[in-house]
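In what follows, a single structure is set out as structure tokens and then discussed.
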Amino acid sequence: MTSHDTTPEPDSGASSPAERHKGPVVLRRAQLQRRTSDQRFLDQRPAEPDDFTRTDPWRVLRIQAEFVEGFDALANLGPAITVFGSARTAPGHPEYELARAVGRAVGEAGYAVVTGGGPGVMEAANRGAVDVGAHSVGIGIELPHEQHLNHWVDLGINFRYFFARKTMFVKYSQGFVALPGGFGTLDELFEALTLVQTGKITRFPMILVGTEYWRPLLDWITGTLVAGGKASDADLDLLRVVDTAEEVVEILTSVHAQDPGMGIAPPDDDAARPGSEA
Numbered sequence: 001m002t003s004h005d006t007t008p009e010p011d012s013g014a015s016s017p018a019e020r021h022k023g024p025v026v027l028r029r030a031q032l033q034r035r036t037s038d039q040r041f042l043d044q045r046p047a048e049p050d051d052f053t054r055t056d057p058w059r060v061l062r063i064q065a066e067f068v069e070g071f072d073a074l075a076n077l078g079p080a081i082t083v084f085g086s087a088r089t090a091p092g093h094p095e096y097e098l099a100r101a102v103g104r105a106v107g108e109a110g111y112a113v114v115t116g117g118g119p120g121v122m123e124a125a126n127r128g129a130v131d132v133g134a135h136s137v138g139i140g141i142e143l144p145h146e147q148h149l150n151h152w153v154d155l156g157i158n159f160r161y162f163f164a165r166k167t168m169f170v171k172y173s174q175g176f177v178a179l180p181g182g183f184g185t186l187d188e189l190f191e192a193l194t195l196v197q198t199g200k201i202t203r204f205p206m207i208l209v210g211t212e213y214w215r216p217l218l219d220w221i222t223g224t225l226v227a228g229g230k231a232s233d234a235d236l237d238l239l240r241v242v243d244t245a246e247e248v249v250e251i252l253t254s255v256h257a258q259d260p261g262m263g264i265a266p267p268d269d270d271a272a273r274p275g276s277e278a
């Protein structure tokens, strides 16, 4: 396997300036703006009279372009699993190493590994995919403080709009794996959970990794939502909780082996992963 050297090339000694990517455009120093495309779109503030590019009709074209670019880049990805988790998890932390193990195991099972492309758990999962030669994908988002795609992403796409980005996660993944994370992880988790519950997506396993971390959330769902009649026991069954990378793969392959078109072997099959030599 080709090694990945993430050490930056030496320069004149000056630190790299902060920058933001807006599609193909790179902004630095005085060109940086505090507000993102998403924020301008959702804030409902009127555009300046001479700035037609920030009017809603113009935005429709930009939004359409994001979908076209995303569909084009990911159309031939093949079976894939998206891994979510905290961007704040440092290398060497047990959760980082667990995410890397998940990335390796998922990649070895024949899936591409998709993340939000950031640091922490996302970086670890991408790194695990690279460890075993699997496809490593990062789907990033424009933020007020630029977050670059991590060094372990081989195919990266940056989006201006969260809703376009979220569509790519769901459309091109066959399941979600969530390690300990914050609001972003919960956002993706519950949106996908709603899609599964309402039958918008099927054969889409949703796996929570880390019993100790996720148990209080599940207890709240059981003790408040289910007990109060706001959800059913069957809804809770949509989430699986495990503690190891091996358990993650066992669930994924058990579900997807039922679909011959996926090309995923069942858990007890020692066949080589699709695309590799036996």
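So that you can map any letter, position 122 of the sequence shown is 122 in the UniProt record's numbering, and since no number is skipped, the others follow by simple counting. Note that the Cβ used here is the ideal one computed from N, Cα and C, for glycine as well.
Mind checking which residues open and close the alpha helix (DSSP H) that includes residue i?
| i | result |
| --- | --- |
| residue 165 | 162-171 |
| residue 234 | 233-236 |
| residue 193 | 183-197 |
| residue 125 | 121-131 |
Among the options, which has the Cα closest to the Cα of residue i?
| i | options | result |
| --- | --- | --- |
| residue 164 | 64, 175 and 236 | 64 |
| residue 67 | 216, 251, 171 and 248 | 171 |
| residue 167 | 139, 87, 98 and 123 | 139 |
| residue 153 | 114, 90 and 247 | 114 |
| residue 124 | 96, 151, 255 and 202 | 96 |
| residue 59 | 19, 148, 42 and 217 | 42 |
| residue 122 | 179, 183, 133 and 108 | 179 |
| residue 261 | 136, 79, 161 and 187 | 79 |
| residue 213 | 81, 72, 85 and 173 | 85 |
| residue 81 | 173, 218, 119 and 104 | 173 |
| residue 182 | 197, 211 and 87 | 87 |
Take the Cβ of residue i as the centre, count every other Cβ of all protein chains shown within 10 Å, and call the residue buried at 16 or more, exposed below.
| i | result |
| --- | --- |
| residue 232 | exposed |
| residue 55 | exposed |
| residue 176 | buried |
| residue 143 | exposed |
| residue 101 | buried |
| residue 293 | Coverage of the chain is limited to positions 1 through 278, which leaves residue 293 absent and any answer about it impossible. |
| residue 223 | exposed |
| residue 91 | exposed |
| residue 259 | exposed |
| residue 234 | exposed |
| residue 270 | With a pLDDT of only 46 at residue 270, under the threshold of 50, the placement of this residue in the model should not be trusted, and no figure is reported. |
| residue 94 | exposed |
| residue 57 | exposed |
May I ask you to list the residues that DSSP assigns as paired with residue i?
| i | result |
| --- | --- |
| residue 156 | 138 |
| residue 82 | 114 and 176 |
| residue 240 | 207 |
| residue 19 | 28 |
Starting from residue i, trace the beta strand (DSSP E) both ways and give me its first and last residue.
| i | result |
| --- | --- |
| residue 226 | No beta strand (DSSP E) contains residue 226, which DSSP labels as neither H nor E. |
| residue 207 | 206-209 |
Specify the secondary structure class of residue i as computed by DSSP and reduced to three states.
| i | result |
| --- | --- |
| residue 245 | helix |
| residue 88 | coil |
| residue 65 | helix |
| residue 144 | coil |
| residue 36 | coil |
| residue 105 | helix |
| residue 93 | coil |
| residue 73 | helix |
| residue 251 | helix |
| residue 55 | coil |
| residue 151 | coil |
| residue 270 | With a pLDDT of 46 at residue 270, under the threshold of 50, the modelled position of that residue is not reliable, and the figure given next carries that caveat. Reduced to three states, the DSSP call for residue 270 is coil. |
| residue 219 | helix |
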